[in-house]
Ligand code: 58G
């Protein structure tokens, strides 16, 4: 899977070079390329923004510079272009999974008061938000999207399946335990040491249902589990 990022701050993406996503890049399972929008400014001061027509606070990113940066991306015309914006539909797990089926995504990261509407209309296929709050730039949302999508690419996760994780069945995950057997007086639940895999499976499902009822009752409705709980 190929990601191209259009940004004024390519250095902000350094954290993606670590851990699981870092390994996925090193092994070629995902490819992330960065295009610095500022490199496409023709202005002698490398200006990328200007004052808004009609007045108002702040600056707006110039359409021509962003368009030229977009045109410089190989095969840009075959890719899906996403603008990270608080106006977009909120990213959810189902959408994450469907994006992981795409072969090439271009992520446009805005700054200041946003981007001139004409270039958005010209190049953007979809606006996506990571939640109902405003940020200073689209870089953190782009990183969130890359991380969430990449873990659904074949071979990116060591072995565990993303089929049975939180949200894929509309339930939160059951609690996990590892050594030591007793931590600050608290033992590991006995059933997990029993070796009885049928009992373990049942216990984990009960835990998932109880935790979801307690923390995210909205998810139980969505998953049709309401008749399962008291
Ligand atoms: C209003 C304010 C409209 C994504 C700023 C557009 C991007 C939040 C999210 C902007 C973002 C999110 C400029 C800075 C987009 C532009 C960017 N804020 N919730 N800010 O995913």
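In my numbering, the protein residues as written are 486 to 715.
Note that beta-carbon positions come from the ideal geometry of N, C-alpha and C, so glycine has one too.
Relative to the C-alpha of residue i, which residue among the options is closest?
| i | options | result |
| --- | --- | --- |
| residue 598 | 572, 611, 587 | 572 |
| residue 695 | 657, 640, 605 | 657 |
| residue 497 | 549, 622, 604, 523 | 622 |
| residue 701 | 557, 624, 652, 678 | 652 |
| residue 561 | 692, 682, 588 | 588 |
With a 10 Å radius around its C-beta and 16 neighbouring C-beta atoms as the bar for buried, classify residue i as buried or exposed.
| i | result |
| --- | --- |
| residue 559 | exposed |
| residue 595 | buried |
| residue 697 | buried |
| residue 492 | buried |
| residue 619 | exposed |
| residue 606 | exposed |
| residue 601 | buried |
| residue 624 | buried |
| residue 693 | buried |
Beta carbon of residue i, beta carbon of residue j: below 8 Å?
| i | j | result |
| --- | --- | --- |
| residue 664 | residue 647 | no |
| residue 631 | residue 494 | no |
| residue 593 | residue 655 | no |
| residue 552 | residue 591 | no |
| residue 613 | residue 567 | yes |
| residue 569 | residue 626 | yes |
| residue 564 | residue 522 | no |
Nearest-angstrom Cα distance between residue i and residue j?
| i | j | result |
| --- | --- | --- |
| residue 629 | residue 515 | 15 Å |
| residue 500 | residue 715 | 44 Å |
| residue 642 | residue 507 | 12 Å |
| residue 577 | residue 634 | 11 Å |
| residue 640 | residue 519 | 23 Å |
| residue 649 | residue 709 | 16 Å |
| residue 547 | residue 582 | 33 Å |
| residue 528 | residue 586 | 39 Å |
| residue 510 | residue 670 | 42 Å |
| residue 685 | residue 676 | 6 Å |
| residue 530 | residue 544 | 16 Å |
| residue 616 | residue 526 | 31 Å |
| residue 707 | residue 534 | 43 Å |
| residue 673 | residue 667 | 7 Å |
| residue 579 | residue 556 | 30 Å |
| residue 532 | residue 688 | 60 Å |
First and last residue of the alpha helix (DSSP H) that includes residue i?
| i | result |
| --- | --- |
| residue 575 | Here residue 575 belongs to no alpha helix (DSSP H); instead the beta strand (DSSP E) covers 565-575. |
| residue 707 | 702-708 |
| residue 625 | 624-635 |
State the start and end residues of the unbroken beta strand (DSSP E) segment that holds residue i.
| i | result |
| --- | --- |
| residue 516 | 516-521 |
| residue 490 | 487-492 |
| residue 611 | 611-614 |
| residue 591 | 589-593 |
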